[in-house]
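Note that the numbering used here has the sequence shown beginning at -18, numbered continuously upward. Structure first, commentary second.
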Amino acid sequence: SDMNEILNIRRERHPLEYPSLGSTFRNPEGHFAGLLIRDCGLAGKQIGGAQISDKHSNFIVNRGNAEFSDVIQLIELAKKEVKSKYGIDLKLEIKVIN
């Protein structure tokens, strides 16, 4: 069925083996945030227990005991690197509440 096909695609493309916040950044017009982040060499980058997924770089996953500050540092790093390399400001898909 269509639902099974969607679930299979999601399993292949999304890092479901670890908890995550879902898609971290909105896709800038004409681009995919995950590809921009990956092309900056950040796939797999880990700070503390948080990691930019090497499966889909628009996901930050909790590899165990991730702190809020670990996630924020990865978000800031991705924003800085994408801005530096492509001149694109990544906008958050998630809402940060602190």
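Heads up, the beta-carbon is just placed ideally off N, CA and C, and yes, glycines get one too. Every value quoted in this text rests on a predicted model; they were computed, and no experiment measured them.
Are the CB atoms of residue j and residue i within a distance shorter than 8 angstroms?
i: Gly22; j: Gln32; result: no
i: Val77; j: Leu17; result: no
i: Gly30; j: Glu57; result: no
i: Tyr(-1); j: Val52; result: no
i: Leu55; j: Phe6; result: no
With distance defined between alpha-carbon atoms, name the residue in the options nearest to residue i.
i: Ile69; options: Pro9, Met(-16), Thr5; result: Pro9
i: Leu2; options: Ser34, Met(-16), Lys61; result: Ser34
i: Asn46; options: Thr5, His37, Ala59, Gln27; result: Gln27
i: His37; options: Lys60, Ser50, Asp20, Gly15; result: Gly15
i: Ile75; options: Asp20, Ser4, Arg19; result: Ser4
Can you tell me whether residue i is buried or exposed, with buried defined as 16 or more other CB within 10 angstroms of its CB?
i: Ser65; result: exposed
i: Asn39; result: buried
i: His12; result: exposed
i: Leu73; result: exposed
Consider the Cβ of residue i: report whether some Cβ of chain D lies at a distance smaller than 8 angstroms.
i: Leu2; result: The structure shown has no chain D; it contains just one protein chain.
With respect to 7 angstroms, is the separation between the Cβ of residue i and the closest non-hydrogen atom of the ligand GDP below this value?
i: Asp20; result: As far as ligands go, the structure on display features none, and thus does not contain the ligand GDP.
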